């Protein structure tokens with residue numbers, strides 16, 4: 001069964017500091033991995049997906065199959081990055097998403 | 110495009126009543142997914158539907174829960190004889206094609222069972 005683990009429920013950094021949100025997964029096939037973000041009073045939205053290999057709002061995430069990780073990183077955090085971040089994996093059929101429990105990131109001024 | 114719409118945003122039901130949650134997908138989307146988020150937990154998949162078909166209901170509780178996505182109108186998640194443990198946020202997402210390429214989420218319906 002697929003599973004996503006986000007070990008940190010809360011993460012607090014200062015503006016300008018690097019930030020890394022951890023995500024580990026277990027899945028027997030070839031995974032598709034995503035990061036979703038939910039800003040205060042807004043709906044959940046896709047931040048990035050590993051197949052795109054893109055950088056969104058300065059965030060990047062690299063899939064490490066050896067460590068089964070998909071950590072989200074940003075070199076210089078901004079206050080507007082404060083939000084709830086969810087790591088998610090898609091099933092073999094490519095339909096359902098399995099989410100981690102989320103990490104609440106707070107960027108302090 | 111107004112995005113995925115869900116109503117009501119908040120729903121209060123007494124134990125034993127029925128709850129009906131509605132989801133209108135984005136224009137042009139024919140794939141709908143329902144997720145449930147219990148307090149202090151992540152979102153958990155419940156069911157995946159296309160127009161008039163249930164594709165994957167492996168996350169649905171076996172009793173009291175049902176879902177439909179008719180040819181016309183919104184998708185409905187129905188919970189019969191609600192219990193306190195059904196209190197949660199229920200999110201709907203839609204996509205234009207099968208797969209998790211991009212699922213667009215609605216604002217959610219917060220169900221409270223008293």
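Chains as they are written, first to last, in this note's numbering: chain A, 1 to 109; chain B, 110 to 223. Note that beta-carbon positions come from the ideal geometry of N, C-alpha and C, so glycine has one too. In this text the structure is predicted, and so the values were computed from the model without any measurement.
Spatial neighbours of residue i in its chain, beta-carbon cut-off 6 angstroms, leaving aside the 5 residues before and after
i	result
residue 98 of chain A	2, 4 and 89
residue 145 of chain B	153, 155, 197 and 199
Burial state of residue i, where buried means 16 or more other Cβ atoms lie within 10 Å
i	result
residue 10 of chain A	exposed
residue 119 of chain B	exposed
residue 113 of chain B	buried
residue 111 of chain B	exposed
residue 159 of chain B	exposed
residue 32 of chain A	buried
residue 95 of chain A	buried
residue 167 of chain B	exposed
residue 223 of chain B	exposed
Strand pairing of residue i, partner residues [DSSP]
i	result
residue 39 of chain A	Bridge partners of residue 39 of chain A: none, in fact.
residue 115 of chain B	B:132
residue 104 of chain A	A:10 and A:84
residue 25 of chain A	A:4
residue 140 of chain B	B:159 and B:204
residue 223 of chain B	Answer is none; residue 223 of chain B lacks a bridge partner.
Beta carbon proximity, residue i to chain E, threshold 8 angstroms
i	result
residue 220 of chain B	Chain labels in this structure do not include chain E; the protein chains are A and B.
Other residues of its chain near residue i: CB distance less than 7 angstroms, five sequence neighbours each side excluded
i	result
residue 228 of chain B	Nothing about residue 228 of chain B can be read from this structure; chain B reaches only from 110 to 223.
residue 129 of chain B	185 and 187
Proximal residues to residue i (C-beta, below 8 angstroms), its chain only, five neighbours per side dropped
i	result
residue 8 of chain A	21, 22 and 103
Report the residue ranges of all beta strand (DSSP E) runs contained in full by the segment 51 to 83 of chain A; include only those spanning at least 3 residues, in chain order. The DSSP assignment places 72 to 74 as complete runs of the beta strand (DSSP E) inside the segment 51 to 83 of chain A, in order along the chain (cut-off: 3 residues).
Minimum length 4: unbroken alpha helix (DSSP H) runs contained in the segment 142 to 192 of chain B: Taking only runs of at least 4 residues, no alpha helix (DSSP H) segment lies wholly in the segment 142 to 192 of chain B.
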